[in-house]
Structures are given as structure tokens and as C-alpha cells.
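Residue numbers (the working numbering), protein chains in the order written: chain L, 10 to 480; chain C, 247 to 1244.
Backbone N, C-alpha and C fix where the C-beta goes; we use that ideal spot for every residue, glycine too.
Below, the structure written as C-alpha cells:
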């Protein structure tokens, strides 16, 4: 361990910096330290789920083992199965074969005034899952607000399936009692790699969700039929378009269709379908020229919602989307985000109008600041509510600092490689000088990266540098 | 220095491993570093002889354009002789180096040598290399582990655990004993890598113990931890299963027997063992790799009391993703039920996942379990029958039927249970509506919307506005009677006009930068090609400046995939870019040493050495070759074949303009493939003016040109042909049978269009398969080449479809084909689908790749909506496909199901197609019942046309075969006229009107 340097973040979570792993792009390790493992216990009637917590922030500041909630779930079966689905996404890698074990990162829980949200992000950085336990799902509101990691160990998950059919379910997130760690021998500690791209994707997926809108809605039975009819694998992205009471699958996009790249990534919806009242599909605006796009698949479970957000391609994570690079590059937006961040108070729905008035922001400034905070892991986006919610990802690392394309663009500016021309710029990159053309339908560049992605993955470093220079 | 390298070297040379270990026993890190320096030469050895020296440039023989060797010159023969002498001298030197290396290798393979390497290793990587060599050598087997453990334990470097983890991950069996030895003496903690657990059963088996039980008792520490890991580590179950499978060869005991005995003897906690087995089914294990745990449970013979205390776990297994896990849960529940110790309400609450489990046997077993529950506990009947209704949502219609039958057997309950069942009835297949209705569980049929009559009135107004000869009055009457009109009589059309040709160099560069990466858009490729020729008149300096950012990438693409070979069009575009920037094009001969050509002299090019297309697949590359030469000349010009519409067609007026322009420029028709494709794309209606202008330019007569044009626009006739490609016995070993189309009757000869001969070489596509497919070029995903085939001859859509059948046929059995691109290229509504087009559609619906099947479903829906889909032709294609035994009806049914979700008309056409295929029904090919099941469901929603006698007869046969049951359901469906039929009728008429209006 000589090459590693342990640091304890403000939230109590241990970030251990290290050399890059062989074969993995990892900049750090995340050490989960739970006071005791999560357990499922039988009760006289029903069961009790005690979720151990670790790290994060509460409404009164950083906490080592925060306590958020203890109460009965009004509809335990779908909630328990959805928690398992959330945990399964956290333990999955949808691009590699099943022989490759995913790094076992735990789900994150956000507690706000009236609801609990469980979030997880797959190891491949391409699937984000969120379970929203809405006010109706909890017999009492949460005791405190904040965000933390929760332990979903093997034994607990194995027992949770049985608990779901055993009557009432008492859920505790954290414990009111002081958990004695280290000496009692109950501490569970696990280290997992914490690659930048995973962290970045976890944040960025929220900002990408903000650009989506409803595409279609299926009833429970139609949702079951649709999900079960999906092929297990598809080499290229498929598109789902509303057709009567169903969704029709296609290989070419059209307006009002949602991209479904890697249908196997919806596998975790399977066990939840029997509880499903509605399946809603969301996606960004697309047309016949779109090659791929992200999408979100939301199950309405009554008092809960379970949403899977998929990256545009099965082998491509959210971290490379670059959708926010121009926002992140703007120093004014960074300053606005700082002000906005300070005004947030674990809102389950951020009241944009009120904050615009309080902070004196225009709607555009507010939108940019929210996108900035989303990419920084400080707010999430709820598609059903069409609103952001406050949460702070408990990883103790500034997400906005992890955009290599932005760093490269700044480097190009610093090295004087950008020359603005009429309607564009010439950007010298190595031995080649690329031509950037500004246009009303989007800027374009002559570099291979742009030729390959055509702006679908955000601006290339040359376009970004040209825009920075223009400012 | 207490560690003398000379003593170590001496011990290595006499292969005295024990002495090496003793020498290193007390060495400090400093000693080891010093010793490493002293042994550096010995440990590194003389190095591997560099055989690359032998790879001197060989004098190349020349080939003519037919790839026949040209007789060598005297100078070449002298070069060859000198070359051979030089090779002999090199060989002598290398032999000497090889002898020295072999001797060193022999020594390096000894345990003594490797122990020394381990002893001086400066870090984990060096130690890993030494250990890796040891795991391969074993020339002193037996004493290896102890000495290696001793050398490592003496050092106890801080990277020791990391080293062992790395080696275990490589899955080498011998590493487990080493790891275990180090754990046993406390040199490392128990490794956390999975292989420490998964290798254990096999490693212990190899340890010489008669049974696993004896092996475990010989190392009792394993019972505390390692044994329990077998239940928590993924794939440990597979390792145990493999060991048990192999066990009887070496031992008299399986692992499950051993663990059961150890439990009985008190070495292992029985309760923990049972729990561990049950929990294994709910872990993140591959669901298909957990059957050993069921075997273990069977070996433990779990009692009813033990099961009762774990009722939640057993019932929880009903939600397992593993079939074995669910089966264990069902077996446990069944025993508890027999013993009267099962909580009925909890079983019913837990039943949903098993009732919806994809495999029939699991869902059926759960229905039986509930049946048994009702018999034993009649009080639970209402709740149980309500739970059974969950199976209405099962994918399989036979499971839905079984659920209905169970409800019928025990009687429909009342009150809230009935409400619960009714809420599930919409999940049932429409084909079961009658059975459900018989139980009082009717499904509300959708009633025609009020707007329907308005819609028909609007359609009538449109029909009246059309000329009388459009013949739509009959179709309108049919719709008024509630019948669904047939498809339109269809001819290919020109398509929509493309944007004006590209004349802006920036626009060209923009397009080239995209196409170099992905040339899948065939029309953009054509536009870029023409624009590059047109804009090649710009000054070279201007072109070079504009294209400079693309040159590096263009070069990389050309080096990655050889340009002008007929397959990777992006590489053709890269070379066009290269030429446009003013760079030199290579000479035609592929052995010109310019570095462009990587293959040199292979006979399987689609384009010959002079740039002449050898197969139809090479026609585009040959045109690109011609364009490249024009660009290189820097004189600008035009391509006659530049498409004018999105189907690739050219109007006679535009072609005449181009020909006249060439004439004014004093240019002849010097590009034969451009000329051919221009003729193939020419829309009907050309006048003599075009033929005259053309003849003048081409040095021929107007009659000859017109005759050529008439020949290449003569409709061809095709018939399906299936079988193995019969070129040669060798190819038959590698090629799967294919379903293609061959021309029947005489094919017109077009003397002035050599490309036509390449396109129509379809008289015996099986015999010519190797030549046609250009074997080796289209086995991988060359989507972009195939994407352009349908716009090559837009007025001969059946000919294009016949060629597309090759990749589609390959897509029946292989995933790495451009089958999806092939079927997508038929999407344009102007591309008429004849028998071959429909055959291509059906073959795609049976493709092995889901993408291909979904793309085919999309085409089915689009072709239904625009009137191109003809159920009679689709039926003929379906029959031919099934007859060939290459088209799988289960896949076709799945694809048609996707198609049916698009629109009422697409669904109705599925029903009509199957009903129009009496031969198919009479032949009862495998999986016909899947197709009939789909038709039955769709028939209830969208109506059924006149039924063939064979289907009626099949439906009236007695017996419980799925085929008879589903046929009977279709017969029942034919008696109704559901709302969906009217919807389909309106959509069909709309398609006909749109066609007539356009």
C-alpha cells in the first residue's frame, strides 16, 4: 500500500487514491465502511429490513452513518422487489460477458421531506436505476434528509425476496442507535474501484434526463407483453414507437420514438412487471437522421416508481456524452451554480420559480445552473414530476473536474492553437489543423471524432475550444 | 554480502533447488538486490533469435490482369538467386543463436533457476513472471510447492498477496496448492479472488486423497472458511458439479456426498449448510449454473420440519431467476403442503413469478401446485383461483389456456376474487376470448369509433376526386361492406427528388469527413463521389488546403481496409479524399509497392487489377476507381450516374443534359461503369434525342443504345432455389445451405452494358455462389456495400432483391452478416416487392439476428401501409421458405408479431398471408403451430378472410395437439367481424388512394 494515500473525505467516506488499475480506468478506490451489515429479520408479523448506511451528507452536515427513516412500507412486495432490482443494476455490467464480475458498488439513498429515492449505476456506466418510494409508500415521512450509501449484501438480498411475501415490511435506513464500529467486530469494509467515468456518468445522466420528454405509455398488461417480446440481444439500437395501445419496435428512428440500445439492459424490469400499472417511456427529440439516443423506462408501481435510464449504445456509458461541456465551460454558470447550490434544502421537487425570484436568475440561467449541478452530482431529475430534486452524491469528489475534453480544449486555447476565422475557427491539433464551422444547426469540425459522432456526443475539443475562444 | 551470486549460479547449474532455497533463506533485501545484479546475465539468457531478419524483401513475380503469372526476366532470376544465397547465410547465424538459446531454456526451466528468480525478484511483476514459468515446468514435481512456499515465506514481501491473487486469477490449478500453503502458514490472508474457491475442488481431487471428505479432513482449516465460500462464490457450483461428474473416475464419493457426511459427523453445521444451499439460488449467480446446490439439498434430505422453519426461503425461491431454484422452491412447497404445514396465503402471494416464468414446465408445475392446494384446502379456493388468473399474462397461450381450465375446473368464484380474475382477462390472448366468455369472463370488444363513418366518407371524397380508371370504387365498396381491400398493383417509382448536387467545397469536405467514418448512406456516398469529380476542377492548392484535415484519417482508413475492393466503401471514400487533395493515386496493379494495397494478388477481389468490376459487388468500387482517375486529372467533369432521386433514379431529361454537356466539353463516355449505371438508373420515357446524343458520344448507333436500354429494363422472372452452394466439395464444408432466387427463361443480352451481365449472373446462383458472394468479403459486417445495391438498378427491384437474398440467406445462420442492412435497403415505398422481394422479406423474418427480424417486421408494416405487401406473394414466399427447411417458422412468427404491433393493417396482412398458404398448412412444417397461434390471436382482433379447406379440416380434427387447437381457434375467429377489421380496411383503402394520388 506504499503507493496509496488514504484520505477521509468530509462525509466520512474513505477515498483511497491509487495508481491506475491494470485494464481499468480507475483513479481511486471507494471504501465502504458500514457499522454493521444490512439485515432482514423476521418479526411476529412480517419482516424488518435494516439498511446499514455509510457516508454522505444530511441536512445537518456530513455524517458517517446517517439515520433517515424507520417505518412500514404500505405496499411491501413491489417496494422490496424494486429495491432488489436497484441493487442488481448496481452489481451489473451490461457490456461485458457474465464471466466478468462487476465492481460491487452500493446503491445510494436520498431522503427528502416526503420520500425516499434509491439510486444505482451499473459498472459499465450505461444504466442508471432509481426507485422512488413516494409519500404514499411510507407510513411516516423520513426522519431526516440527506444522501448516503446503503449496504445490499448477499445475505440481505437473499432474504429480501422472501420478506417481500411475508406480510408487513418495516424498513429502516440507518439506525437511531449509535453503532459502535471497529471494536465490536461488526464493521464491514469493502473497497471498490471508483473510476472517473463512473462518477461522471452518475452525475451526467441526470442532466441528460432533463432533455427527455414522454414518448409513450403502456398499461400493465401491454407493458408485460412489450418487455417480454424484446429480443435478448440486438447488434444495433432499436427504436420503440407508440402504435395504438402498444409500442412497436423498429430499427430506424422516427419522430416520437425512443431508442432502445441493448434491450437486455431492461432485464431488471422483468420481476416488477407483475406490479406494474403503467410503463412510461421517455426520450429526447429525435428524427430520421438520429443514430442513437438515451432513453428512460419508468414503471408506475402505484405508490412507487422504478426508472431505468439507458445510455445511447450498449457499449457506451453516460460519461462520454459531453452534453454539458459547453455549460461546464462557462464560468458564469459555475458561479450561478454555486449560488443555487447554497439555496437548496433537500427539496424533493426544486421550486424553480421561487428560486429564480430569490436568486434573481432568468429561466435560462436557472436551467444552466441546474444542469451544472446535475453534472456535479448535486441534483437529480425526476421525469415523472418534470422537476429536479436535491441530493449530493456521497463520493466526496468534485465531479465537474472530470471532463478531459474540456481540459483539452482549455489546453488548446492556452497553447494558442485556436485562430478565429469568419464563421468559424482553425484549430491546430498536433500536426493537423482542423476547421471548425459555426452554424445555426450546430457547429461542426473536420476531425475524425466529429465525423464519427456528428455532434451526438457533445462538441469535440476543437469545437469546444473555438467556442471558448469566441467568448 | 552474505548472498554470493556465484554460489547461487553454481546451485542453479547443478539444478540443486534445495541449495538455492537455503542460500536465500536469510538474505536481506539488499542482499537480494546485489545478487540480482550478479545473476543478471544468467537470468536474462541469450535472448530469442530474431527470425525477422529472414523476412527480407522477396523479388516479386508479376501478374497480368487475370492474375496469371508473367514469365520472369533474366534480371529477376539473378535477383532471386542472390536472395537465396543471402537467406542461407542468415540461416547459419540463426541456427547458432538458436542452439545457445535452447540450452539456456533448458536450464531456465529448472526449479532451481526459478527459485532463484523468485528469490531476487524486485517486485510483483518479476515474481509473477518467475512463478508463471514454474507453473509450466514441473520438471522436479513433488518438491515444487514446499520449496516455492519456503522461498516466498522467507521473504514475505508486501506484494505477496497481490502476487498470489494474480496467479490464481489465471486459473492454473497448481496455484491453488501454493496459495493454500501460504495461507496455512500465515504468510498471507485467505485470498478474496473467486479462483481461490473455484479451483479448490479440482485441486483437492488432484491431491491424492481417496475422497473429498478425506481431503478436507486432512486440512481441517478448510472446513472453517473455504467450504462455506463454495456457497457464496459465483461458479463454485459449476466447479463442484464438474468435480462430481469427474469424481467417480478417481474417488468413490461426490462433493455433495462428502459435505453431507461431514455434516452428519458434526464437522459442518447442517442448518447452515441447508441455508447456504437455499441462499445460493438467490445470489447473483448465473441462473444456469446452480444445479449443484439442488443436488446438495437432495443429498441432505431436508426434513419437513427443516423445511417448515424455512418456509419463507422456499417460497422466496419461487421468484428465483433460476429454473432449478424455482423447482426447489416448488418441491419444498409441495412437501409442506402434503404435510399440512404450508401457509396457503403465503404460497399464493409468492406464486406470481412462477406462474409467469418463461419456461412452460415451471408455470405448469405452479398451476398444479395451486390445484393441489385447492383440493387440500377448499377454503382457499376463491383466493387461489384469483391467483391463477395471473397466468393469463404468460407469453404462452397454452399456459393461459391451462389457467382458464383450472378456473373452470374449480368454478369461477364471486366477489373480490371474481373482480381480480376479471381485471386479468384483458391479458388473455384474443384467441381465448370464447373460452373466457364461456366462463362468464367476457372481454369487452372495442366498438367501431363514431369517427369511422366520417373517415370512410372522407376517403370516398378522395376516391371520387381520382380518375375513374383508378379502379378504387370496388375497394371502397369492399370497405363499406367491412371487408379489407387487397394490395395495390405495384410498379417501381422514381422516388423523391434529392437536394441539388453539391457544389460547395466546404460541403463536400463536411460530407467526406462523415463518410470516411461511416459510408452506410448510399445516396450520400453517390453525391460525394459526383461532387468530388465536379469540384476537382478547383486549383489543386485550394483542394489540398480544404482537405488537409482529413488526410491523416483517410490514410489510416485506407491502411485499415483496402480501398476499391468492393466491400468497405468508407475506404473507397478515403481514397477519393486522398485523390481530391491532390495526392497521387496508386497504379492499378496491386503489387506496385506504393503501400496502398495490402492483399496483393488475391483472386477474390470484386474489382480486378485494372479497375474492372469482376462481380456485381465490385461495380461501385469500379465507378469510384473511374472517379478517382478523373479527380487525379484535375479537370473536373461529371458523373452520368449521379442519382437525381432518393431511389437513385435519373430522369431522361437530366441524363440528356449531362450527355450534351459532355459532348460540349469534348469528352467521350470514357468511364464504362459510370455509363452502365447511368443506363440502369434511367427512368422510362427517354426519347430518340437521348439515344442519338448518347450514340454520338459513345461511338455507336442510337438503335444499339436503345436496344441496350430495352434489354436492361425487360422484367426478369425468378423462382426460389434452395440448397447448399455447390461450387465445390471444399466450400460445402464451410457454407451453410442458402435460399436464393434464380432467373427463369432467357435473360436479355445488353451488349452495351457489361454491368448488366454481372448483375444477371443468376441463372444458377447456387453453382455460382462462391463467385457471386466473393467469398471472404461478405462474411463480416459490410453493411455499407450492401446498402447501395438497391439503388444500382432501381427499375429492376426484383433483380436487386435477388442479390440481397445472399446476405439475407447468410443471416439465417450467421450473425456477422449485412442482413439487416440488406432488408433495410428495401424500405423505400417506391421499391416494388415481387415474389423475390417478398422472399427476401420472409428470409429476413427468419434471420438469426433480432435486428434483422425487427427490420423485416418494420418493412412488413411499411409495405402494408403503402400497399406494396401482397399476402398472396408473401404466402408463396413463406411456403417456399418453409419448403426449403431453411426458414424457421417460430422466428417468422415472432417477427410477424412485431409487425402486427405496428398497425391493424399489418396485423390483418399476417392473417391473410397464412390463410393464403394452403400448401404450408398441408405440409405442417415444424413450428407451424406458433404461426397459427399468432394468427388465431390476431384473427380475433382483426378478422379472418376466407379460410383454406386444409385449415378448416385441421381445426375440426380431434385431439389435443397445439396445431389442431390453434386451427380450431382460427376457425372460430373467422365467424366474427371485429372492430380491428374495419380499422384495417380503412388503412388498406387509404394505402390504395395514396398510391393512386401519387
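> Using DSSP with H/G/I as helix, E/B as strand and the rest coil, what is residue 1134 of chain C?
Replying inline: In the second chain, residue 1134 of chain C corresponds to position 888, counting from 1. If DSSP states are grouped into helix, strand and coil, residue 1134 of chain C belongs with coil.
> Are the Cβ atoms of residue 948 of chain C and residue 934 of chain C separated by less than 8 Å?
Replying inline: Here residue 948 of chain C is taken as the residue at index 702 of the second chain, counted from 1. Here residue 934 of chain C is taken as the residue at index 688 of the second chain, counted from 1. Result yes, Cβ atoms of residue 948 of chain C and residue 934 of chain C sit closer than 8 Å.
>> Tell me the rounded alpha-carbon separation between residue 847 of chain C and residue 853 of chain C.
In response: Mapped onto the second chain, residue 847 of chain C falls at position 601. Mapped onto the second chain, residue 853 of chain C falls at position 607. The predicted position of residue 847 of chain C is uncertain, since its pLDDT is 40 and thus under 50; a value taken from the coordinates is nonetheless stated next. Their backbone Cα atoms lie some 12 Å apart in a straight line.
> Mind checking whether residue 1111 of chain C and residue 1237 of chain C have CB atoms under 8 Å apart?
Replying inline: Here residue 1111 of chain C refers to the residue found at position 865 of the second chain. Here residue 1237 of chain C refers to the residue found at position 991 of the second chain. Yes, they are a contact pair.
>> Counting only Cβ pairs nearer than 9 Å, list the residues of chain B close to residue 134 of chain L.
In response: The displayed structure is made up of protein chains L and C, and chain B is not among them.
>> Taking 6 Å as the limit between beta carbons, can you name the residues of its chain near residue 241 of chain L, skipping five residues before and five after?
In response: Stepping through the first chain from its first residue, residue 241 of chain L is reached at position 232. Correct list, in chain order: 273.
>> Within 8 Å of any Cβ in chain C, is that where the Cβ of residue 163 of chain L sits?
In response: Taking the first residue of the first chain as 1, we reach residue 163 of chain L at position 154. Taking Cβ atoms only, chain C reaches closer than 8 Å to residue 163 of chain L, which makes this a yes.
>> I'd like to check one pair, residue 1150 of chain C with residue 1233 of chain C: are the Cβ atoms closer than 8 Å?
In response: In the second chain, the residue the question calls residue 1233 of chain C occupies position 987. In the second chain, the residue the question calls residue 1150 of chain C occupies position 904. Taking 8 Å as the Cβ cut-off, residue 1233 of chain C and residue 1150 of chain C qualify as a contacting pair.
> Mind pulling the chain C residues with CB within less than 8 Å of residue 299 of chain L?
Replying inline: Translated into the one-based positions of the first chain, residue 299 of chain L becomes position 290. Going along chain C, no residue has its Cβ under 8 Å from residue 299 of chain L, so there is no contact; the nearest lies around 13 Å.
>> According to DSSP, simplified to helix, strand and coil, what is residue 1041 of chain C?
In response: In the second chain, counting from the first residue as 1, residue 1041 of chain C sits at position 795. Here residue 1041 of chain C sits in coil by DSSP.
>> Three or more C-beta pairs under 8 Å: does that hold for the segment 263-278 of chain L against the segment 296-305 of chain L?
In response: yes
> Whose CA, out of C/512, C/740 and C/964, lies closest to the CA of residue 892 of chain C?
Replying inline: By 1-based counting over the second chain, the position of residue 892 of chain C is 646. Among C/512, C/740 and C/964, the Cα nearest to that of residue 892 of chain C belongs to C/740.
>> Could you give the first and the last residue of the continuous alpha helix (DSSP H) run that contains residue 268 of chain L?
In response: In the first chain, residue 268 of chain L corresponds to position 259, counting from 1. Unbroken run through residue 268 of chain L is the beta strand (DSSP E), 267-269; no alpha helix (DSSP H).
> Among L/148, L/151 and L/156, which has the Cα closest to the Cα of residue 128 of chain L?
Replying inline: Residue 128 of chain L sits at position 119 when you count from the first residue of the first chain. The candidate whose alpha carbon is nearest that of residue 128 of chain L is L/156.
>> My parser needs the alpha helix (DSSP H) runs of 4 or more residues fully inside the segment 733-817 of chain C; what are they?
In response: 751-761, 768-780 and 786-806
>> Measuring CB atoms only, is the segment 130-137 of chain L touching the segment 208-215 of chain L, in the sense that at least three cross pairs come out at less than 8 Å?
In response: yes
> DSSP three-state call for residue 443 of chain L: helix, strand or coil?
Replying inline: The residue you call residue 443 of chain L lines up with position 434 of the first chain. Residue 443 of chain L: strand per DSSP, three-state reduction.
> Of all Cβ atoms in chain L, is any one closer than 8 Å to the Cβ of residue 672 of chain C?
Replying inline: Position 426 of the second chain, counted from the first residue, corresponds to residue 672 of chain C. For residue 672 of chain C, the answer is yes, since a Cβ of chain L falls inside 8 Å of its Cβ.
> Is residue 708 of chain C helix, strand or coil when you go by DSSP?
Replying inline: As a position in the second chain, residue 708 of chain C is number 462, starting the count at 1. Helix at residue 708 of chain C.
> How long is the line joining the alpha carbons of residue 1250 of chain C and residue 650 of chain C, rounded to whole angstroms?
Replying inline: A query on residue 1250 of chain C cannot be resolved here, the shown segment of chain C reaching from 247 to 1244 and no further.
> If you draw a straight line from the alpha carbon of residue 704 of chain C to that of residue 723 of chain C, how long is it in whole angstroms?
Replying inline: Here residue 704 of chain C corresponds to residue number 458 of the second chain, with the count starting at 1. Here residue 723 of chain C corresponds to residue number 477 of the second chain, with the count starting at 1. Spanning the two alpha carbons is a distance of roughly 14 Å.
> Who are the neighbours of residue 745 of chain C on chain L, taking C-beta pairs under 7 Å?
Replying inline: By one-based count along the second chain, residue 745 of chain C stands at place 499. Here the premise fails: no neighbours, minimum Cβ distance about 14 Å.
>> What residue range does the alpha helix (DSSP H) around residue 1183 of chain C cover?
In response: For the purposes of this step, residue 1183 of chain C is identified with residue 937 of the second chain, where counting begins at 1. Counting along the chain, the alpha helix (DSSP H) containing residue 1183 of chain C begins and ends at 1174-1188.
>> Just to confirm my understanding: we take residue 310 of chain L, look at its own chain, exclude 5 residues before and 5 after, and list those with CB closer than 6 Å. What are they?
In response: Position 301 of the first chain, counted from the start, is the residue given in the question as residue 310 of chain L. 87 and 284.
> Looking at C-alpha atoms only, which residue of C/1062, C/1060 and C/1072 is the closest neighbour of residue 1049 of chain C?
Replying inline: As a working note, residue 1049 of chain C is residue 803 in the second chain. Ranking the options by Cα distance to residue 1049 of chain C, first place goes to C/1072.
>> Three or more C-beta pairs under 8 Å: does that hold for the segment 803-822 of chain C against the segment 1027-1040 of chain C?
In response: yes
>> Checking 8 Å against the spacing of the C-beta atoms, do residue 405 of chain C and residue 370 of chain C come in under that value?
In response: The residue you call residue 405 of chain C lines up with position 159 of the second chain. The residue you call residue 370 of chain C lines up with position 124 of the second chain. It is a contact, given that the beta carbons lie within the stated cut-off.
> Counting contacts by CB-CB distance shorter than 8 Å, is residue 451 of chain L in contact with chain C?
Replying inline: Looking up residue 451 of chain L in the first chain gives position 442. No, its Cβ sits nowhere closer than 8 Å to a Cβ of chain C.
>> Considering just the uninterrupted stretch of the alpha helix (DSSP H) at residue 471 of chain L, what are its terminal residues?
In response: Within the first chain, the letter at position 462 stands for residue 471 of chain L. 470-479 is the extent of the alpha helix (DSSP H) around residue 471 of chain L.
>> Less than 8 Å between the beta carbons of residue 1126 of chain C and residue 1085 of chain C, yes or no?
In response: Counting from one through the second chain, the residue named residue 1126 of chain C turns up at place 880. Counting from one through the second chain, the residue named residue 1085 of chain C turns up at place 839. Contact flag set, yes.
>> For residue 372 of chain L and residue 364 of chain L, what's the separation of their Cα atoms in angstroms?
In response: Here residue 372 of chain L corresponds to residue number 363 of the first chain, with the count starting at 1. Here residue 364 of chain L corresponds to residue number 355 of the first chain, with the count starting at 1. Taking the straight line joining both Cα atoms gives about 10 Å.
> Got a sec: is the Cβ-Cβ distance from residue 1149 of chain C to anything in chain L below 8 Å?
Replying inline: For the purposes of this step, residue 1149 of chain C is taken as residue 903 along the second chain, with counting starting at 1. Yes, residue 1149 of chain C lies at the interface with chain L (some Cβ there is under 8 Å from its Cβ).
> To the nearest angstrom, how far is it from the Cα of residue 469 of chain L to the Cα of residue 463 of chain L?
Replying inline: Within the first chain, numbered from 1, the residue matching residue 469 of chain L stands at position 460. Within the first chain, numbered from 1, the residue matching residue 463 of chain L stands at position 454. Approximately 9 Å between the Cα atoms of the pair.
> Are the C-beta atoms of residue 580 of chain C and some chain L residue less than 8 Å apart?
Replying inline: Locating residue 580 of chain C in the second chain gives position 334, where the first residue counts as 1. Chain L contact via Cβ: absent.
> Which residue from L/383, L/339, L/351 and L/347 puts its Cα closest to that of residue 477 of chain L?
Replying inline: Walking along the first chain from the start, residue 477 of chain L turns up at place 468. Answer by Cα proximity: L/339.
> Ordered along the chain, which non-local residues of its own chain (more than five positions away) have a Cβ less than 7 Å from that of residue 1014 of chain C?
Replying inline: Within the second chain, numbered from 1, the residue matching residue 1014 of chain C stands at position 768. Within the same chain, residue 1014 of chain C has close Cβ partners 1007.
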